[in-house]
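Participant: Structure in structure tokens, see below.
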Amino acid sequence: MSHPQAADTFLKQAEHAKWHDQALWFVRQKRDKACKKLPEWESLRGLAADIKKHTLSRLSEYLQEFEAKALENGLHVHWAKDAEEHNQIVHTILDGKKVKKIVKSKSMLTEECHLNTYLEERGIEVIDTDLGERIVQLRREPPSHIVLPAIHLKREQVSDLFHEKMGTKKGHSEPEYLTEAARQDLRKDFLSADAAMTGVNFAIAETGGFVVCTNEGNADLGASLPPLHIASMGLEKVIPRAKDLSVFLRLLARSATGQSITSYSSHFHKAQKGSEIHIVLLDNGRSKILHEPEFMKSLQCIRCGACLNTCPIYRRSGGHSYNHVIPGPIGSVLAPHKDQSKHQSLPFASTLCGSCTDVCPVKIDLHSQLLSWRSKLVASGYIPKGKLLALKSVSWVFKHPKIYGSLGWLGRKTLPSLPRFLLHNKFNVWGKQREMPDVPPLSFREIYKKRKKP
Amino acid sequence: MDQLYPKAAMAALEFLEKRGIDVEYPEAQTCCGQPLKNSGCDAEVTPLAQRFHDIFSDYDYVVCPSGSCTSMVRHHYDHHLDPTSHGTLKNKVYEFCEFLHDVLKVDDIDASFPHRVGLHQSCHGLRELRLGSSSELHGTSFSKVKSLLHQVRDLQLVELERSDECCGFGGTFAIAEESISCSMGRDRIEDHKSAKAQVITGVDSSCLMHLEGLIKRSGETLPTVHVAEILNGSAEL
Numbered sequence: 001m002s003h004p005q006a007a008d009t010f011l012k013q014a015e016h017a018k019w020h021d022q023a024l025w026f027v028r029q030k031r032d033k034a035c036k037k038l039p040e041w042e043s044l045r046g047l048a049a050d051i052k053k054h055t056l057s058r059l060s061e062y063l064q065e066f067e068a069k070a071l072e073n074g075l076h077v078h079w080a081k082d083a084e085e086h087n088q089i090v091h092t093i094l095d096g097k098k099v100k101k102i103v104k105s106k107s108m109l110t111e112e113c114h115l116n117t118y119l120e121e122r123g124i125e126v127i128d129t130d131l132g133e134r135i136v137q138l139r140r141e142p143p144s145h146i147v148l149p150a151i152h153l154k155r156e157q158v159s160d161l162f163h164e165k166m167g168t169k170k171g172h173s174e175p176e177y178l179t180e181a182a183r184q185d186l187r188k189d190f191l192s193a194d195a196a197m198t199g200v201n202f203a204i205a206e207t208g209g210f211v212v213c214t215n216e217g218n219a220d221l222g223a224s225l226p227p228l229h230i231a232s233m234g235l236e237k238v239i240p241r242a243k244d245l246s247v248f249l250r251l252l253a254r255s256a257t258g259q260s261i262t263s264y265s266s267h268f269h270k271a272q273k274g275s276e277i278h279i280v281l282l283d284n285g286r287s288k289i290l291h292e293p294e295f296m297k298s299l300q301c302i303r304c305g306a307c308l309n310t311c312p313i314y315r316r317s318g319g320h321s322y323n324h325v326i327p328g329p330i331g332s333v334l335a336p337h338k339d340q341s342k343h344q345s346l347p348f349a350s351t352l353c354g355s356c357t358d359v360c361p362v363k364i365d366l367h368s369q370l371l372s373w374r375s376k377l378v379a380s381g382y383i384p385k386g387k388l389l390a391l392k393s394v395s396w397v398f399k400h401p402k403i404y405g406s407l408g409w410l411g412r413k414t415l416p417s418l419p420r421f422l423l424h425n426k427f428n429v430w431g432k433q434r435e436m437p438d439v440p441p442l443s444f445r446e447i448y449k450k451r452k453k454p
Numbered sequence: 001m002d003q004l005y006p007k008a009a010m011a012a013l014e015f016l017e018k019r020g021i022d023v024e025y026p027e028a029q030t031c032c033g034q035p036l037k038n039s040g041c042d043a044e045v046t047p048l049a050q051r052f053h054d055i056f057s058d059y060d061y062v063v064c065p066s067g068s069c070t071s072m073v074r075h076h077y078d079h080h081l082d083p084t085s086h087g088t089l090k091n092k093v094y095e096f097c098e099f100l101h102d103v104l105k106v107d108d109i110d111a112s113f114p115h116r117v118g119l120h121q122s123c124h125g126l127r128e129l130r131l132g133s134s135s136e137l138h139g140t141s142f143s144k145v146k147s148l149l150h151q152v153r154d155l156q157l158v159e160l161e162r163s164d165e166c167c168g169f170g171g172t173f174a175i176a177e178e179s180i181s182c183s184m185g186r187d188r189i190e191d192h193k194s195a196k197a198q199v200i201t202g203v204d205s206s207c208l209m210h211l212e213g214l215i216k217r218s219g220e221t222l223p224t225v226h227v228a229e230i231l232n233g234s235a236e237l
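If you read the protein sequences in the order shown, they are chains A and B. Take the first sequence: its position 423, counting from 1, is numbered 423 in this note's numbering, and each next residue is one higher. Take the second sequence: its position 117, counting from 1, is numbered 117 in this note's numbering, and each next residue is one higher.
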């Protein structure tokens, strides 16, 4: 389903769509308040963008430095070229330890690899422990937002779900009650899991350690109990020095939710005695993007979700309308790298208003990249024949000012006298919900020609 | 503007002429090619960019009463023209309010508009031309358009809940993503209505046309008028 079709369906539930827009706008406002408390906000953004740009310019060196330090720390390091290899590596590690059940904190990377399905098909139970992730997992659907996975659901819907799956009291939708129920339910999984998985927010080349940011402490609890911790990360997550964290941690939570810092920023350097930590570094197309100058900056992303919250299209169409693991502006920039045909409508799911570019804490030129994708997609032939013909005709007219003037004159003479049904019918998409503009008797050029110059 | 909103273009022309500026309207001009660029048809843009260059190169300044067209020329012709010669031309191209504010440094507008006015900050004017500070960025708040409107007698600018959210026009987006486009437009109109605006103004006729179309269909009366008409004192409601 293309984005406009999915958006159309989402908007049919008008009240829910309005609520969704307002809920995310509220998050955007919280972000505004939080970042405007920092006088140095814009210089922090500049610094973060520079650090990321520098890191990407010598990514292989920093990754090798990270690997060497991590190995020194006694961590196990694995490299995966694609999602399939990533999943195989994770499964092999788990299988080697006879793991039957894992607890997993939020990781968009494992969503990208469809790891849950892969492991479940091989007899391993996966429990997502982030509350939002757990909700969408119980509903057997993907997250609709990279930071707020269940933002498309109202608490009444969560209440019904928990009633069905956890036996909570029907009709009770108080957030405290539902959260407590999920805590109790997850507790037994934390205690019985054989291994834990986490994502990685930042991997530090200098120290060989990595940082996982959560608000629920579920990554710490998960990783501290069982003797095996596997952390999956995209190649672009590496930063050079520990002190660079001070820049990113300040930007991340403020941009994401308007908090000063995430409740938990957990640092992992060495495994506990008798335990193992494995890191899987995944490429999956990232090194290809690194070599495309127009799109390289998209690898600076720290997955804060601010561009989703600010995007007027995302807010009014919901994350699932993008039909890609990462929705919103950053998703629309990343998705066509995976499959141009499947995701061809995404770069057009934007008015190019530029709010995403201005809100981005690492200064990714998101709306410019969306525009670049449009040219690229059209050059690859992804444009409906009718649209291309129409645009080519328009372009031809624009090259011939006399014909342009005459056509304008003809339109202004005939349109006002046409019966309404000829103007407003199913072929006129503009007129479905909008009136056509009133046609003036004379064009500007006609008035200009007739007037006397003062 | 030429075909549908000649009054706005006329207002811009008159305003400049009243200030003693020698203004010409080269009749060979048509469209800057923005709808083609935004649709990804880059090959079709190059000849239009070249035409623009041939027509306008010899003027001291090129003034355009549209933020998005100005941004097209200033920011998006780079891939289509020789960078050296375009560099000279693009620095002479100004959006109308920007020209008044930055070049003419107008501080004595002689116009009256006794109404509550909602300013729609068109996105390309705001975030590509930086006619004002966008709500996302942290810094000194400013608006070149508002600073001009403040000079108009009896005009009262209203405070919007969402000061610079997109109206949803977006060129071909208005057709390709019709549902969202109209939903965004209606939300903007509601915001202006809640702020008790009697008129919506802006620097882009295209955004205003979209909002006007929605307002008229709803049967309400909330006129839209280009900012040049207010500044020129020629706005008719």
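Glycine included, C-beta positions come from ideal geometry on N, C-alpha and C. The structure presented is a predicted model; accordingly, all values stated were derived computationally and were not measured.
Is B/Ala-174 near A/Trp-373, with beta carbons less than 8 angstroms apart?
Facilitator: no
Participant: Is it true that the CB of A/Leu-63 sits closer than 8 angstroms to the CB of A/Val-211?
Facilitator: Against a cut-off of 8 angstroms, the Cβ pair of A/Leu-63 and A/Val-211 comes out as no contact.
Participant: By Cβ distance below 7 angstroms, which residues in the same chain neighbour B/Ser-134 in space, the five residues on each side in sequence not counted?
Facilitator: Leu-126, Arg-127, Asp-164
Participant: What separation, rounded to the nearest whole angstrom, lies between the Cα atoms of A/Lys-81 and A/Leu-282?
Facilitator: 6 angstroms
Participant: What are the boundary residues of the alpha helix (DSSP H) that includes B/Cys-182?
Facilitator: 178 to 194
Participant: Using C-beta distances below 6 angstroms, list every residue in its chain close to B/Leu-237, excluding the 5 sequence neighbours before and after it, in chain order.
Facilitator: Pro-223
Participant: In the DSSP assignment, the alpha helix (DSSP H) including A/Thr-357 goes from what residue to what residue?
Facilitator: 355 to 359
Participant: Sorted by chain position, which residues of the same chain lie with C-beta nearer than 7 angstroms to B/Arg-162's C-beta, five sequence neighbours on each side aside?
Facilitator: Asp-191
Participant: Report the option in A/Ser-317, A/Leu-249, A/Glu-133, A/Gln-300 whose CA atom is closest to the CA atom of A/Val-333.
Facilitator: A/Gln-300
Participant: Output yes if chain B places a C-beta closer than 8 angstroms to the C-beta of A/Gly-408; else output no.
Facilitator: yes
Participant: Strictly by DSSP, which residues pair up with B/Arg-116?
Facilitator: B/Gln-156
Participant: Taking buried to mean at least 16 other C-beta atoms within 10 Å of its own C-beta, is A/Asn-425 buried or exposed?
Facilitator: Its Cβ having fewer than 16 others within 10 Å, A/Asn-425 is exposed.
Participant: Going by C-alpha distance, which of A/Leu-148, A/Asp-160, A/Ser-43 is nearest A/His-20?
Facilitator: A/Leu-148
Participant: Could you spell out the range, first to last residue, of the alpha helix (DSSP H) harbouring A/Lys-101?
Facilitator: Element bounds for A/Lys-101: not the alpha helix (DSSP H) but the beta strand (DSSP E), 101 to 104.
Participant: To the nearest angstrom, report how far apart A/Ile-289 and B/Asp-42 are at their CA atoms.
Facilitator: 22 angstroms
Participant: What in chain A is Cβ-close to B/Asp-42, meaning under 8 angstroms?
Facilitator: Within 8 angstroms of the CB of B/Asp-42, the CB atoms of chain A belong to Ser-375, Val-378, Ala-379, in sequence order along the chain.
Participant: Could you tell me the alpha carbon to alpha carbon distance between B/Asp-182 and A/Arg-434, rounded to whole angstroms?
Facilitator: Sequence inspection shows Cys at residue 182 of chain B; the Asp mentioned does not correspond to that position. The straight-line gap from Cα to Cα measures roughly 8 angstroms.
Participant: I'd like to confirm the pairing. Which residues does DSSP put opposite A/Leu-282 in its beta bridges?
Facilitator: A/Ala-80, A/Gly-234
Participant: Which of the three DSSP states is assigned to A/Glu-164 in this structure?
Facilitator: helix
Participant: Based on the DSSP output, what are the partners of B/Glu-95 in its beta bridges?
Facilitator: B/Cys-64
Participant: In the DSSP assignment, find the beta strand (DSSP E) that holds A/Ser-490 and state where it starts and stops.
Facilitator: In the structure as shown, chain A begins at 1 and stops at 454. Residue 490 of chain A is therefore absent and cannot be evaluated.
Participant: Indicate, with yes or no, if the ligand ADP has a heavy atom lying under 7 angstroms from the CB of A/Leu-47.
Facilitator: As for the ligand ADP, it is missing from this structure, which has no ligand bound.
Participant: Output needed in chain order: residues of the stretch 316 to 330 of chain A with a Cβ under 7 angstroms from some Cβ in chain B.
Facilitator: Arg-316, Ser-317
Participant: Express the C-alpha separation of A/Met-296 and A/Glu-164 in angstroms, rounding to a whole number.
Facilitator: Their Cα atoms are separated by approximately 45 angstroms.
Participant: Could you say which of B/Leu-36, B/Leu-100, B/Gln-3 lies nearest to B/Phe-15 if we only look at CA atoms?
Facilitator: B/Leu-100
Participant: Under 7 angstroms, CB to CB, which of the residues in the stretch 123 to 142 of chain B have a partner in chain A?
Facilitator: Cys-123, Arg-127, Glu-128, Ser-134, Ser-135, Glu-136, Leu-137, His-138, Gly-139
Participant: Anyone know if the C-beta pair for A/Pro-361 and B/Gly-213 falls short of 8 angstroms?
Facilitator: Not a contact, by the Cβ cut-off of 8 angstroms.
Participant: Assuming A/Gly-209 and A/Asn-73 are in contact, meaning their beta carbons sit under 8 angstroms apart, how far apart are those beta carbons, in whole angstroms?
Facilitator: 7 angstroms
Participant: In the DSSP output, which residue or residues are listed as bridge partners for A/Gly-411?
Facilitator: Looking at the DSSP assignment, A/Gly-411 forms no beta bridge with any residue, so it has no partner.
Participant: Give me the Cα-Cα distance between A/Lys-52 and B/Leu-4, rounded to the nearest whole angstrom.
Facilitator: 47 angstroms
Participant: Just the Cα atoms here: how many angstroms apart are A/Ala-271 and A/Gly-222?
Facilitator: 14 angstroms
Participant: Using 8 angstroms as the cut-off, can you tell me whether the stretch 86 to 94 of chain A makes contact with the stretch 103 to 121 of chain A, which would need three or more C-beta pairs spanning the two stretches below that distance?
Facilitator: yes
Participant: Using the beta-carbon of each residue, which ones in chain B are nearer than 7 angstroms to A/Ile-447?
Facilitator: Pro-6, Met-10
Participant: Within the continuous alpha helix (DSSP H) that includes A/Glu-67, where are the two ends?
Facilitator: 59 to 72
Participant: Identify the contact partners of B/Thr-46 in chain A, using a Cβ-Cβ distance below 9 angstroms as the criterion.
Facilitator: Going along chain A, no residue has its Cβ under 9 angstroms from B/Thr-46, so there is no contact; the nearest lies around 10 angstroms.
Participant: Does the stretch 255 to 270 of chain A come within contact of the stretch 25 to 45 of chain A, defined as at least 3 CB pairs closer than 8 angstroms?
Facilitator: yes
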